[in-house]
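Some notes on the structure that comes next.
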Amino acid sequence: MMASMSAHATPPRPSSPLDIVHLDAVLTDEEKAIRDTVRRVCDDVVEPNIVQWYESGDLPARELAREFGALGLLGMHLEGYGCAGMSAVDYGLACVELEASDSGIRSLVSVQGSLAMFAIWRFGTEEHKQEWLPRMAAGEAIGCFGLTEPDHGSDPSSMRTRARRDGTDWVLTGRKMWITNGSIADVAVVWANAGEENGGIRGFVVPTSTPGFSAPKISHKLSLRASVTSELVLDEVRLPAEAILPEVTGLKGPLSCLSEARYGILWGALGAARSSLETARRYTTERTQFGKPLAAFQLTQAKLAHMSTELQLGLLLALHLGRLKDSVGLRPEQVSVGKYNNVTKSIEICRTSRTLLGANGISGEFPIMRHANNLESVLTYEGTAEMHALVIGQALTGVQAFR
Ligand code: FAD
121 MMASMSAHAT
131 PPRPSSPLDI
141 VHLDAVLTDE
151 EKAIRDTVRR
161 VCDDVVEPNI
171 VQWYESGDLP
181 ARELAREFGA
191 LGLLGMHLEG
201 YGCAGMSAVD
211 YGLACVELEA
221 SDSGIRSLVS
231 VQGSLAMFAI
241 WRFGTEEHKQ
251 EWLPRMAAGE
261 AIGCFGLTEP
271 DHGSDPSSMR
281 TRARRDGTDW
291 VLTGRKMWIT
301 NGSIADVAVV
311 WANAGEENGG
321 IRGFVVPTST
331 PGFSAPKISH
341 KLSLRASVTS
351 ELVLDEVRLP
361 AEAILPEVTG
371 LKGPLSCLSE
381 ARYGILWGAL
391 GAARSSLETA
401 RRYTTERTQF
411 GKPLAAFQLT
421 QAKLAHMSTE
431 LQLGLLLALH
441 LGRLKDSVGL
451 RPEQVSVGKY
461 NNVTKSIEIC
471 RTSRTLLGAN
481 GISGEFPIMR
491 HANNLESVLT
501 YEGTAEMHAL
511 VIGQALTGVQ
521 AFR
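For the sequence shown, the numbering used here begins at 121 and goes up steadily by one.
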């Protein structure tokens, strides 16, 4: 007892004031190296351009995908087929750094790796994997994931998109809405109702050059502007028999892909929060009102203390869930706890940070309002906060309250 007390007489000081509980001390050197590499690339490639991409509502997604592919970030937690085969914690740490730049950048990587690539990797044929995964991992081919429809978001089981048999072919008809990467994708994983006799909801690998497929871009977004969002129109899209994902039937197919993506989000959102808090912390130490720095007022410190504590708690939860995923795996309700808590807390942190900058808080010169606006999308996609509350409620009570 005495020996261990003296061995830690002067605990090490974390390298950043925001890492107040010293999370760095429990990360491996490899994890820190991955995190730092992603940060460096974001600083070099994203940060100098993100304000312009956000304001113009466009981004060079193909160039970015190649850049991230070269780093091994696309499908980084998948094994084989050119994927990096890293851990869930590595992936989570990368998501934090990507989203500290912009949620749109993290979305590009999440949709590619956790939705489109994961669906093919987990449920596709060997031919699907050979054809798409190496190119997707390299960022040479972009994927999207079409589940949501104009009239069916939180309740995808009621989807109207249909897949019907015509000889050995499949013919897809319907519309998908709010699809990230849709207009720039080379391949779309589309979920359609194939009828009870064919297993109900099924996934299809759809090359976007197939006649009848189009993906008009959605404009006028006030959130996630540095991200391509599209409608998918499927007008009698004829596919060969082998286009179907054979290894899953029913809603558990898309839901298990969403669980993967939600896991990335529960880390990523904290990146947006960290960037906002760091901006507010620095700003309040530099700006003077009533003859002293804003940071010297107790109300300011209370806000900073509250935000920092929430950020650290969120990171601890993310790290715990990541270690659990790497060891025994995660249950859907555990992912829901992470997404529900970390996204709602991150929005709160962005909004409170915004107040600390006063009028400057609404300016695009600072990243906070951009992060706050982005997190409105993050709160909604991959299951709204309300849906995750219902998943948690069901796990707690055994009672399903969705319908
Ligand atoms: P609705 O389902 O209509 O919900 C509206 C409100 O009602 C919400 O607050 C919701 O929580 C609440 N509500 C609904 N049902 C209940 C209930 N039973 N109890 C209590 N409250 C309820 N989808 C994809 O398939 N692929 C993508 O790549 C993709 N990318 C996206 C990118 C962006 C920028 C955005 C904004 C969305 C994206 N989505 C994508 C769609 C997203 O997943 C859906 O928007 C989301 O599932 C919610 O569906 P909805 O918008 O139809 O809302």
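Heads up, the beta-carbon is just placed ideally off N, CA and C, and yes, glycines get one too.
In this structure R345 is buried. Its beta-carbon is surrounded by 16 or more other beta-carbon atoms within 10 angstroms.
Distances taken from the Cβ of F333 to the heavy atoms of the ligand FAD include none shorter than 7 Å.
Apart from the 5 residues on each side of it in sequence, R159 sits with its Cβ closer than 7 Å to the Cβ of E217 in its chain, given in chain order. Under the 10 Å beta carbon count, L516 is surrounded by fewer than 16 other beta carbons and is classified as exposed. Within the segment 227–275, complete alpha helix (DSSP H) segments of at least 4 residues are found at 238–243, 246–257, given in chain order. Secondary structure at T369: coil, using DSSP grouped into helix, strand and coil. By the Cβ rule, the segment 487–495 counts as touching the segment 222–236, because three or more pairs are nearer than 8 Å. The nearest non-hydrogen atom of the ligand FAD is 7 Å or more from the C-beta of I467.
Between V307 and A361, the gap from beta carbon to beta carbon reaches 8 Å or more. Distances taken from the Cβ of F188 to the heavy atoms of the ligand FAD include none shorter than 7 Å. Looking from the CA of I467, the closest CA among R282, W173, G434 belongs to G434. Between the beta-carbon of K459 and that of E506 there is about 12 Å, and that puts the pair past the 8 Å contact cut. Counting other Cβ atoms within 10 Å of its Cβ, H340 stays below 16 and is therefore classed as exposed. In summary, G259 is buried, with 16 or more beta-carbon neighbours lying within 10 Å of its beta-carbon over all protein chains present. The Cβ atoms of E175 and S343 lie no closer than 8 Å to each other. Excluding five sequence positions before and after I321, the CB atoms of its chain that fall closer than 8 Å to its own CB belong to P276, S277, M279, W311, A312, N313, A314, T369, G370, L371, G373, P374, given in chain order.
The closest heavy atom of the ligand FAD lies 7 Å or more from the beta carbon of E380. Here the C-alpha atom of R285 lies approximately 30 Å from the C-alpha atom of E380.
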